[in-house]
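Have a look at the structure below before the remarks.
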Amino acid sequence: MKTIERFFVKSVFFFGAMVLTFSVQAQSVLFDFNNAPLLTPLPVDQTVSGLTAHFSATGQGYSIQDANTMGFTPWGMDGRCIYPSSIDLCDLLIRFDQPITDFSILYSCQELGCDDAATMRVTAFINGVTVGTNTKTAGNPGTWPTDSLLFNFSTGFDSVEIHYDSHPPTCQDYGVVFLADNMRVTALENTGILYSEPAIEKLIITNPVSQYALISFSLLQPENISISVYDITGRLLKNFFNGRLNNGEHDLNMNVNDLSADGVYFVNLKGDDFYRTGKLVIMK
């Protein structure tokens with residue numbers, strides 16, 4: 048491989064730190080929007096079982112409507128749902144007040160008598176950093192078909208973007224809009240966090256790498272630290288480090304030779320009372 052030092056970029060994350068935690072028991076929570084204010088345009092906040100989701104949108108957005116506004120109710124939906132405010136493409140943006148590990152939402156795209164279906168995409172983030180993405184094409188094409196868009200990431204994410212990714216390959220009678228209902232999420236256990244004084248001051252990963260990745264971070268107090276690597280789907284690939292570190296600067300060299308494929312990965316650094324995710328780019 049050619050020398051790449053001149054192409055190095057640094058992914059730097061600065062955090063305010065010592066964290067105060069409160070226990071959040073892992074639970075599956077259903078947002079069905081039936082108590083959401085009817086005819087209200089997004090943004091809208093909904094709270095269920097102590098977990099709050101903030102719904103917003105790009106473009107002309109969405110509003111809360113009855114699921115049978117069109118004169119019929121798409122399969123699996125009921126009561127009220129998130130409904131497009133125009134025929135133009137708009138993304139649905141959802142932010143949670145605490146990290147979650149599992150996400151699903153029922154969607155129905157505008158398609159009339161189609162033999163194939165549009166592809167939808169969900170992209171998840173933690174602290175603004177992408178942790179992964181997933182797509183879904185409805186398995187029952189026809190008229191306003193429904194299916195569930197899913198994503199899970201064991202170390203947590205705090206926001207998602209729902210995007211109409213591509214139209215049906217052959218269908219001619221479709222629109223680039225969708226309805227959404229019955230969102231179900233699972234909170235990350237024991238990660239309710241209130242930030243006050245610093246516990247971790249920085250996390251630096253030098254990219255791209257070929258054989259070894261230098262991970263640098265600064266602790267302001269002794270911590271039990273674990274460092275793991277995940278692919279963009281959220282699948283755990285390796286546990287790199289697990290041990291107790293004193294306060295101060297730390298530089299760890301991670302061997303990535305066993306990660307054979309070039310591409311983007313995610314490094315999760317977890318302490319006693321915090322976790323941080325950074326992007327790792329491998330080019331061999």
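Numbering (our numbering), first residue to last: 48 to 331.
Just so it is clear, CB atoms sit at the ideal spot from N, CA and C, and this is done for glycine as well.
Model, not experiment: these values are computed from the prediction.
Contacting residues, own chain, Cβ-Cβ under 7 Å from residue i (five flanking each side not counted)
i: Cys128; result: Phe80, Gln112, Ala114, Leu226, Ala227 and Asp228
i: Gly310; result: Ile329
i: Asp125; result: Ala114
i: Gln107; result: Ser132, Ser133, Asp135 and Cys137
i: Phe288; result: Ile272, Ser273, Ile274 and Leu299
Same chain, Cβ closer than 6 Å to residue i, five either side skipped, listed in chain order
i: Ile304; result: Inspection of the sequence shows that residue 304 is occupied by Asn rather than by Ile. Taken in chain order, the residues that qualify are Gln258.
i: Asn286; result: Ser275
i: Asp319; result: Glu270 and Asn271
i: Pro146; result: Gly203, Asp205, Leu235 and Thr238
Residue i, DSSP secondary structure in three states
i: His101; result: strand
i: Ile329; result: strand
i: Thr190; result: coil
i: Pro88; result: strand
i: Phe321; result: coil
i: Leu136; result: coil
i: Asn315; result: strand
Nearest-angstrom Cα separation, counted from residue j out to residue i
i: Thr217; j: Asp162; result: 8 Å
i: Asp220; j: Ile173; result: 37 Å
i: Val224; j: Val178; result: 25 Å
i: Gly295; j: Phe264; result: 8 Å
i: Val95; j: Val232; result: 10 Å
i: Asp298; j: Lys331; result: 22 Å
i: Leu261; j: Asn315; result: 14 Å
i: Gly186; j: Asp194; result: 7 Å
i: Leu89; j: Arg291; result: 45 Å
i: Lys326; j: Thr120; result: 42 Å
i: Thr166; j: Thr182; result: 7 Å
i: Thr116; j: Thr180; result: 31 Å
i: Arg282; j: Asn199; result: 9 Å
First and last residue of the uninterrupted beta strand (DSSP E) at residue i
i: Thr148; result: Leu139 to Glu158
i: Thr116; result: Element bounds for Thr116: n/a, residue is neither H nor E.
i: Cys128; result: Arg127 to Pro131
i: Ala234; result: Tyr221 to Ala234
i: Ser201; result: Thr193 to Ser213
i: Ile173; result: Thr166 to Ile173
i: Ser96; result: No beta strand (DSSP E) contains Ser96, which DSSP labels as neither H nor E.
i: Gly25; result: Because the chain here runs from 48 to 331, residue 25 falls outside it and cannot be looked at.
i: Phe78; result: Ser75 to Phe78
Spatial neighbours of residue i in its chain, beta-carbon cut-off 8 Å, leaving aside the 5 residues before and after
i: Pro188; result: Glu158, Cys161, Asp162, Asp163, Ala164, Pro215 and Cys218
Whole beta strand (DSSP E) elements within the stretch 283-313, 3-residue minimum: Fully enclosed beta strand (DSSP E) runs of 3 or longer: 283-292 and 295-302.
Ranges of the beta strand (DSSP E) found wholly within the stretch 250-278, counting only runs of at least 3: Taken in chain order, the complete beta strand (DSSP E) segments of 3 or more residues contained in the stretch 250-278 are 259-266 and 270-277.
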